[in-house]
Each structure stands twice: as C-alpha cells, then as structure tokens.
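J.:
Protein chains: 2
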Amino acid sequence: MTLTAASTTATSFNLGSARALSCRECGHEIPLAPEFACPQCFGPLEVAYDFPEITRASIEAGPKSIWRYRQLLPVPTDVTRHPNTEPGLTRLIKADRLAAALGVRSLWVKDDTGNPTHSFKDRVVAVALAAARELGFSVLACPSTGNLANAVAAAAARAGWDSVVLIPSSLEQAKILTTAVYGGTLLAVEGNYDDVNRLATELAAEHEDWAFVNVNVRPYYAEGSKTLGYEVAEQLGWRLPGQVVVPVASGSQLTKVDKGFQELGKLGLVEPTPYRVFGAQATGCSPVSKAFADGLDVVQPVRPDTIARSLAIGNPADGPYVLDAVRRTGGAVADVSDEEVVEGIRLLARTEGVFAETAGGVTVATAKKLVETGQLDPDAETVLLITGDGLKTLDAVSGRVGPTATVPASSKAVREALAARHG
Amino acid sequence: MTLTAASTTATSFNLGSARALSCRECGHEIPLAPEFACPQCFGPLEVAYDFPEITRASIEAGPKSIWRYRQLLPVPTDVTRHPNTEPGLTRLIKADRLAAALGVRSLWVKDDTGNPTHSFKDRVVAVALAAARELGFSVLACPSTGNLANAVAAAAARAGWDSVVLIPSSLEQAKILTTAVYGGTLLAVEGNYDDVNRLATELAAEHEDWAFVNVNVRPYYAEGSKTLGYEVAEQLGWRLPGQVVVPVASGSQLTKVDKGFQELGKLGLVEPTPYRVFGAQATGCSPVSKAFADGLDVVQPVRPDTIARSLAIGNPADGPYVLDAVRRTGGAVADVSDEEVVEGIRLLARTEGVFAETAGGVTVATAKKLVETGQLDPDAETVLLITGDGLKTLDAVSGRVGPTATVPASSKAVREALAARHG
C-alpha cells in the first residue's frame, strides 16, 4: 500500500496518544496511516507518541485488561466502548520451585495462557483491531499456522467483523478446528507457509478494507506486546525486573517489552533501574541466537526445523533490533534443542503447574542454559514470559508423559503400585 | 472418615471466617474437620461462617484472584502466602451479539476458560488445597476424567504437594497427557468411572494424609464455586443479575452461586434484589431437569450418554438442592440434545469469540431453549456461566467446522472462492 490521500490527512485519526509513524532506520515521520514501510528508506515504521501525564492510580483504576494502558497504545481513547476480547492482566506468579530447580534466587513467570485464546496474540490482535477500525478497515485478516489464527478469528467474531485467515492446507486438523469454530472465512492455501505469507501481502494490496494484522497494520499490532512489559512492572509493584527472558520469533515481542520498560521509566511510572533483556530460540530456528554468538548485526535467514513452530520464523523481521536491545542492556540470545524444549515444558509444569506450549519450553530451557553459562545472573530478579498454551502443542509431550501405573480397581493394588514406585 | 480426636479439637483450625460444618439436612453442627457427612443423619455437611464486616473497598483492594474474597471462604487468612494457582477474576463480557441471536435484551458471559487450567475447577481445587493444608493433609487427590484431574495435578505441582489422580485406564490419550505433564502420581484404573469413584472413597478412608478434593474435603472444595457468584456481582458493579444460567453436573456449582448471591445481599455488599437461577443439562444426562419437569423433589439416577462428559454425573449429589434453589428463585432446569450442544458451542464462538467445551454448549443451548419456552425473561439481565474450554473437547466440533475453501496460492483464486461463497 502506498501513501494515499487518506493517509496524508491522517492526523484526524483518533488513536489516543499516538502522534505519527516513525521510521526505525532513518527516523522519518509520516502521519498515522495504514502503512508499515518508510516511504523514504523502506525501513520499518513504528508508532511515535505524545504521551500525556499518566499516573499509576489512573492505570490501576482502569479496566482489568490491556486497556488499563490505553493511553500508552495506538488506540482510540474510547476503545472499551466497542466489544473486544479484553485480553491481558494475566497472572504473574512467583516461581520459587522453578527458581530452585534453575538455581536462581528470585523468579517470576508471566503466564499469558490466561488470555482469551490462550496466547499473547490476543494482546496484539486486540490493538490491531482497535486501530484498524479507526483507520477505516472492516475485515481482520492474517496468515498463520496457529495462535495468531485463533486470536484473529476470535477477535473478529467478538467484534462482529468478518475475518479472513489464511493457513497452509496441510495444517493439522486440530489447529483447523480451533480457528474454524469462530465462523469467519478460513482459507486453506495449497502451499507452504511462505506461499501463504506471500499471498497475504498480495491480498493486503488488493483489498483496501482488509487489515492484515501482521502486514498492513503491523506497526499498531506490534505495540500490543508492550503491555506484557507494562503488566510485569505493575504486577511487581511498579518496578522493573533485573532480567527478563523473552522467546524470539520475529523478535517483535522482545523489542516491545524493552520499549515498554523504557516508556514506564521515562513517564516516571517506575524508577528507570537497569534491566537486561534475554532472547530465547529453538536451535532448529535460531538465526538471532547465531548472529548474537557471532557478534553480527545482521541476521542470516535459516530454514526452520523445530517442534517450536510458533517461533519458527526463519527470517525474523526484528532480528537486528533484538540484537540491539540485548546488547544495549547487557543481555544475550541463546538457543536450545527440541529435547531441551520438551524438558523445559515438563520442568515448568511440575514445578509451577503451568502447562506451556513449545515456545514456553524454549523460554524455560534457555533460562536454564543461560544460568549454566553464567550469562543470566542467578542473584538478579528474573521474569520468564510464557506466551502460549500447552493444550495447543500436545504432540510435544506425547509419548513423554503418561500414567505412573495402571492398576486394578483395588486399594491394595494402589498401595503396591505406590510402594513399587517409591521402593 | 469418622470423628477423631483431631477433629473434635478442630476449633483451633485457622480457616478464616468459617465457624463450623453444618448439616444441610438436619442443621446439626460439628467443629471444622475433614468430614463430609453429618454424624447424626448422614446428610451432607457444608461450611457455616461468622463473617466479619466486609466492604467493597477491601475486596477491590485485594488480590486479582479468588483470594480477594478470602474472608468469605473456608481458608486461612494468610492463604496468599502459600504458592497457589491464583485462579479467578476471569472475564465477564457483555455479549450483545449472542443476546441478539437469542432474542434477549441484556446478556453477559462469564468466561471461566481464563483460569490456570482453563476451567472453573481451578477455583474449587484452590480452596480445597488451602483448607486441606490447614486440616493437616499433605497429598491432593481426586478421581476424574477431565477438568478436575488437570486442576488437581496443576495445583499440587504449584504448591509442591504430591498428587494422586485416578482415571479410568480407557481415557483418551490427550486427556492423559494434560494431567500427566504436571508430574504427580497418575493412576490408570482398570474399570469405568464408577469403579474409579468407589476406589477413591476407599483410599480416602485408608490414607489419612490424602485429601480427595471432592470426597473427604468436599465441603471446603464446594465453597470455591461461590466465587463465581461473587465475581459476577462485583463485575456488574456490585449488583445481582436478574437471571443466571448454570450448567448442572453434581449440582454443587449452581447451589453455591446461589449461596454466594445470598451472602452478598446479607453482608450489604449488594442490594438483595430478586434473581432467578436456571440449571442446564444435556438430555443424555438430565436427571435434575427431568425431576424439575415432573415436579419431584428427588432425583432418579440415570446412566449418562452425552458428549457433555464434564456434566455426565448420573446421580448428582446436589440434585435436590438444585431443585430447591431453582424453585425458590422462580427459575427452571432444562436440557438440550447433543446436536444442540454443538450448535451452542458454535453460536457462542461465532458471536462472542469464546470457544467453550461441551458444558458451555449446554449452557448456551439451554438458555436459547428457555427463551423459546418463555421461561427465561428476555427483558431481564442474564448471565451465562461458561465453565470450561473448547480446546479440551475438540471432538465435539470435529467434522462440523472446517475451512471455508481450499485454494491455490493466488489472489485470483481467493477472489473467486469468496465470490462463490457470497454469490
């Protein structure tokens, strides 16, 4: 999509404190519009703001969802007047048992499986939809193989919008059901995920009322991830953690959590204490981890081969910005094998009762590795972001866990089984 | 379990405002103890309280979980000091699109899929564990085929307790995984669910440190469902809805939501406005609905045959109390076919973006039927309780929903597919 008459008069859009779109490469600013690439250098655009004075009290008095931070997001000030999925304000739990297992002193788990469709995608999609409405779109769309498809179809259903979700036709039946149930348009595309993505870009250019959340309204969409950072800080009692470990797919989430922490400091909502940001990848798709290890500023694309499919982006758009954030804060990016991913899922479940999808296993296992290598300070307060649900990736634990014993229906048999186990 | 020395000195237990266990049949009171049947008449015991003065402000300033109501629950006052799953405070969403589809004026959906293991069972299990700790137990146990197994295993893992979960050995692999992942003791019992239940009662009597949440600590466990009522009232702005539709399995949840509403009125936290309570069952397991229709006070057990397995209790312990509550408030109990259950799931998903398990389909479809029969007042504000997650009962929608179309990866093909759909 190119600059149109509509977008040059875009200052009339009511997107709260959002002032403009700003190029992350050259700093050029354009008015708020459904654009994602800088007209001067083709760099990625992000939302720039003129924040009003914001107090902790006003946030705490707000809705029990991401909309308590609406003044910090590119959404209309009356965003809560429209039906939406009301994501966010998920649990931040003190994870003492996992901390002991990892050998760190103070650990928290941000459990984003509590969102409406059980992943952090509900946050970004809710922001995308709110911005898209104001920008004049009427259909919510995405290419996806999993969490994003669920989130888009559910959010559109709730808002009374049409949705168009593109999936590879080879997708497993269970993943098709969990999107199709919401009743939008679900197109099974003959091809792989790259083909689906290319088609999405093509369709975004052709259908001016279709908001592809991660394409033509991506700058707005991506801002939704800042709310993970805001919530962590508020739930810690309005302070920043010493360290945060974030899974890296496109890399957008990590950069936005960092941005969120910085904004809170600048606005005086927290003390701007130093923090370190760590990225977690699966070895089977670890281009950012590799670039970090090699000391590079650019990320070489890879062909993904990992069970952590929700992180399997071989050419991560925000890879360079992840490297910036991690190096600026004194963090690191590391990666773990699929075997370690499964162990990470199991460790989190049996210590904290949180059943994460493979991406969560990546985060936990990477945190473990970073402690072992001395890159994660075991004495600094640490937060792990668990961004998706184990119910969606049951295959990862299939064959790995099962009944302790199979017994006849008698208490004697139970006693014997338990004695055999403990004996 | 009989009255022991421990339980006769039970007044020393710190269970907050809980004063005693009181028989629901004869009113006899015994001190707080791990008992569930009246020593005089064998009627079911429930928790009686001496509530302190409680204000809305003190609740609102409390934790963002069920523990904001801890003074109204049989738990130690310092309950939040121990690691727990922190369930509750799930979304209450205004459901205008579903309201329009059902032909009612003002409708809300309480979406309890946002709980840690995605069902309301996290509420009751959290209360059971907190009480069990104080009562001297050290193992959390249950017989279950689904949501309860998940909730018990997760809560025990988080608390650092051992768990013993009994399941029929024929249970589907996916349901085994979602409990086994938490790493407790999972016993696959050769037999049907009745055999498993009998074994649980036997084991509860033999192992004095095992708290079977729905057997020997059932009076405490059941109180957790009151929090659904408290939250609905608080989230409506501290008032009671005109009507509430609750799925009926054992019937406990419905009676506790009613009890919660009454307590709020008595404590002056809401105006004690009249409300009507409705029960929802699947026709394939509808003993309470049948008793209601027949004007009976007793419930004839049935052999369940329905896809709504989480409601498939053929001999519901609280059936008579459901009939009492429903008749006292001017409500009703009704039932719907499995076909209607699936339609209910789909209707809720496509209008509100909430993907419920079969029990949620029962609630929505029953509400629809009750409107059609004139039993539910379309002009009164109504709340539907959605208590479990569609990801756990994918079979219900399998073969019913799927892609709109399968297309080659070209925008032309997409246009044609959409034209064919709308044409």
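Chains as they are written, first to last, in UniProt numbering: chain X, 1 to 423; chain S, 1 to 423. C-beta atoms are modelled at their ideal positions from N, C-alpha and C, and glycine is treated no differently.
Taking only the alpha-carbon atoms, compute the straight-line gap between S:P403 and S:G114 and give it to the nearest angstrom.
T.: On the second sequence, residue 403 of chain S is found 403 positions in, with the first residue counted as 1. On the second sequence, residue 114 of chain S is found 114 positions in, with the first residue counted as 1. Spanning the two alpha carbons is a distance of roughly 26 angstroms.
J.: CB-CB under 6 angstroms to X:I59, same chain, minus the five flanking residues each way: which ones, in chain order?
T.: As a first step, residue 59 of chain X must be located in the first sequence, where it is residue number 59. Within the same chain, X:I59 has close Cβ partners R68.
J.: Roughly how many angstroms lie between the CA atoms of X:E223 and X:S286, to the nearest whole one?
T.: Numbered from 1 along the first sequence, position 223 holds the residue referred to as residue 223 of chain X. Numbered from 1 along the first sequence, position 286 holds the residue referred to as residue 286 of chain X. Each residue's Cα considered, the two are about 24 angstroms apart.
J.: Return yes when the Cβ of X:T283 is within less than 8 angstroms of the Cβ of X:V336, no when it is not.
T.: By 1-based counting over the first sequence, the position of residue 336 of chain X is 336. By 1-based counting over the first sequence, the position of residue 283 of chain X is 283. Yes, the Cβ-Cβ distance between X:V336 and X:T283 is below 8 angstroms.
J.: Compile a chain-ordered list of the residues in the segment 345-367 of chain S whose CB is closer than 8 angstroms to at least one CB of chain X.
T.: If the cut-off is 8 angstroms between Cβ atoms, the segment 345-367 of chain S has I345, R346, A349, R350, T351, E352, G353, V354, F355 near chain X.
J.: Could you tell me how far apart the beta carbons of S:V383 and S:P241 are, in whole angstroms, since I believe they sit closer than 8 angstroms?
T.: Looking up residue 383 of chain S in the second sequence gives position 383. Looking up residue 241 of chain S in the second sequence gives position 241. Contact holds; Cβ gap of about 5 angstroms.
J.: Against X:S411, what residues of chain S qualify as contacts under a CB-to-CB distance less than 7 angstroms, listed in chain order?
T.: Here residue 411 of chain X is taken as the residue at index 411 of the first sequence, counted from 1. The answer, in chain order, is L199, E202, L203, E206.
J.: For S:A157, which residues from the same chain have a beta carbon less than 8 angstroms from its beta carbon, with the 5 sequence-adjacent residues on both sides left out?
T.: As a working note, residue 157 of chain S is residue 157 in the second sequence. Only S163, Y182, G183, G184 meet the Cβ criterion.
J.: So the beta strand (DSSP E) X:K392 belongs to, where does it begin and stop?
T.: To locate residue 392 of chain X, count along the first sequence from 1; it is residue 392. Where X:K392 is concerned, there is no enclosing beta strand (DSSP E), given that its DSSP letter is neither H nor E.
J.: Check the Cβ of S:K392 against every Cβ in chain X and list those closer than 9 angstroms, keeping chain order.
T.: Here residue 392 of chain S is taken as the residue at index 392 of the second sequence, counted from 1. What S:K392 touches in chain X: L391.
J.: Whole angstroms is fine: what's the gap from S:K392's alpha carbon to S:A249's?
T.: To locate residue 392 of chain S, count along the second sequence from 1; it is residue 392. To locate residue 249 of chain S, count along the second sequence from 1; it is residue 249. About 17 angstroms.
J.: Less than 6 angstroms between C-beta atoms, sequence neighbours within five positions excluded: which residues of the same chain meet that for S:P74?
T.: To locate residue 74 of chain S, count along the second sequence from 1; it is residue 74. Once the five neighbours on either side are set aside, the close Cβ partners of S:P74 are L15, A18, V47, A131, Y220, E223.
J.: Give, in chain order, every residue of the segment 55-71 of chain X whose Cβ lies closer than 9 angstroms to some Cβ of chain S.
T.: Residues passing the 9 angstroms Cβ filter: K64, S65.
J.: By Cβ distance, which residues of its chain are closer than 7 angstroms to S:V364, with the 5 residues on each side in sequence left out?
T.: Position 364 of the second sequence holds residue 364 of chain S. Closer than 7 angstroms at Cβ, skipping near neighbours: G344, L347, L348, L384.
J.: Provide the residue span of the beta strand (DSSP E) that contains X:P320, from first to last.
T.: Here residue 320 of chain X is taken as the residue at index 320 of the first sequence, counted from 1. Where X:P320 is concerned, there is no enclosing beta strand (DSSP E), although the alpha helix (DSSP H) it sits in stretches over 319-329.
J.: Report yes if the CB atom of S:L72 is closer than 8 angstroms to the CB atom of S:F51, and no otherwise.
T.: Taking the second sequence and counting its residues from 1, the one referred to as residue 72 of chain S is at position 72. Taking the second sequence and counting its residues from 1, the one referred to as residue 51 of chain S is at position 51. Result yes, Cβ atoms of S:L72 and S:F51 sit closer than 8 angstroms.
J.: Are at least three pairs of beta-carbons, each pair with one atom in the segment 143-151 of chain X and one in the segment 168-183 of chain X, less than 8 angstroms apart?
T.: The segment 143-151 of chain X vs the segment 168-183 of chain X: in contact.
J.: Is the separation between the beta-carbon of X:V341 and that of X:V104 shorter than 8 angstroms?
T.: As a position in the first sequence, residue 341 of chain X is number 341, starting the count at 1. As a position in the first sequence, residue 104 of chain X is number 104, starting the count at 1. No, the Cβ-Cβ distance between X:V341 and X:V104 is not below 8 angstroms.
J.: Give me the chain S residues within the contact set of X:A401, using Cβ-Cβ distance strictly less than 7 angstroms, ordered along the chain.
T.: Translated into positions along the first sequence, residue 401 of chain X becomes position 401. Note that residue 401 of chain X is Val in the sequence shown here, rather than Ala. L177, A180, V181, listed in chain order.
J.: Which one of X:G237, X:S106, X:V213 has the shortest CA to CA distance from X:N150?
T.: For the purposes of this step, residue 150 of chain X is identified with residue 150 of the first sequence, where counting begins at 1. The residue with the shortest Cα to Cα distance from X:N150 is X:V213.
J.: If you follow the alpha helix (DSSP H) that X:Y69 is part of, which residue opens it and which one closes it?
T.: In the first sequence, the residue the question calls residue 69 of chain X occupies position 69. Premise fails: X:Y69 is in no alpha helix (DSSP H) and is neither H nor E.
J.: I'd like to know whether the C-beta of X:I307 is nearer than 8 angstroms to at least one C-beta of chain S.
T.: Position 307 of the first sequence, counting from 1, holds the residue named residue 307 of chain X. By this cut-off, X:I307 is not an interface position.
J.: If I measure Cβ to Cβ from S:I313 and keep anything under 6 angstroms in the same chain, skipping five residues before and after, which residues do I get?
T.: The residue you call residue 313 of chain S lines up with position 313 of the second sequence. Contacts found: A249, S250.
J.: Tell me, please, whether the CB atom of X:V397 is closer than 8 angstroms to any CB atom in chain S?
T.: Counted from its first residue, the first sequence places residue 397 of chain X at position 397. Yes, its Cβ sits closer than 8 angstroms to a Cβ of chain S.
J.: Does the distance from the C-beta atom of S:Q375 to that of S:A332 stay below 8 angstroms?
T.: As a position in the second sequence, residue 375 of chain S is number 375, starting the count at 1. As a position in the second sequence, residue 332 of chain S is number 332, starting the count at 1. Yes.
J.: What does the Cβ neighbour count give for S:E134, buried or exposed, with the cut at 16 atoms within 10 Å?
T.: The sequence position of residue 134 of chain S within the second sequence is 134, counting from 1. Counting Cβ neighbours within 10 Å, S:E134 comes out buried, since at least 16 surround it.
J.: Which residues does DSSP list as the beta-bridge partners of S:A332?
T.: As a position in the second sequence, residue 332 of chain S is number 332, starting the count at 1. Answer is S:F278.
J.: Below 8 angstroms, can you find three or more Cβ-Cβ pairs linking the segment 91-107 of chain X to the segment 91-101 of chain S?
T.: Flag = no, the segment 91-107 of chain X and the segment 91-101 of chain S do not touch.
J.: Going by DSSP, name the residue or residues bridged to X:F212.
T.: Within the first sequence, residue 212 of chain X is the residue found at index 212, counting from 1. Its beta-bridge partners are X:A141.
J.: Looking at X:K266 and S:L89, is the spacing between their C-beta atoms short of 8 angstroms?
T.: On the second sequence, residue 89 of chain S is found 89 positions in, with the first residue counted as 1. On the first sequence, residue 266 of chain X is found 266 positions in, with the first residue counted as 1. Result no, Cβ atoms of S:L89 and X:K266 do not sit closer than 8 angstroms.
J.: Compare the C-alpha of S:D122 against each of S:K110, S:F137, S:N84 and name the closest.
T.: Position 122 of the second sequence holds residue 122 of chain S. Nearest option by C-alpha distance: S:N84.
J.: Please state whether DSSP places S:D162 in a helix, a strand or coil.
T.: One-based indexing of the second sequence puts residue 162 of chain S at position 162. Reduced to three states, the DSSP call for S:D162 is strand.
J.: Taking beta-carbon pairs under 8 angstroms, can you tell me which members of the segment 315-346 of chain S lie near chain X?
T.: From the segment 315-346 of chain S, only I345, R346 have a Cβ closer than 8 angstroms to chain X.
J.: If I measure Cβ to Cβ from S:W210 and keep anything under 6 angstroms in the same chain, skipping five residues before and after, which residues do I get?
T.: Taking the second sequence and counting its residues from 1, the one referred to as residue 210 of chain S is at position 210. Taken in chain order, the residues that qualify are V139, A141.
J.: Quick check: is the beta carbon of X:D112 nearer than 8 angstroms to any beta carbon in chain S?
T.: Stepping through the first sequence from its first residue, residue 112 of chain X is reached at position 112. With 8 angstroms as the cut-off, X:D112 does not count as an interface residue toward chain S.
J.: Against chain X, with Cβ distances strictly below 8 angstroms, would S:G191 count as a contact?
T.: Sequence index remark: in the second sequence, residue 191 of chain S carries index 191 (1-based). S:G191 counts as touching chain X.
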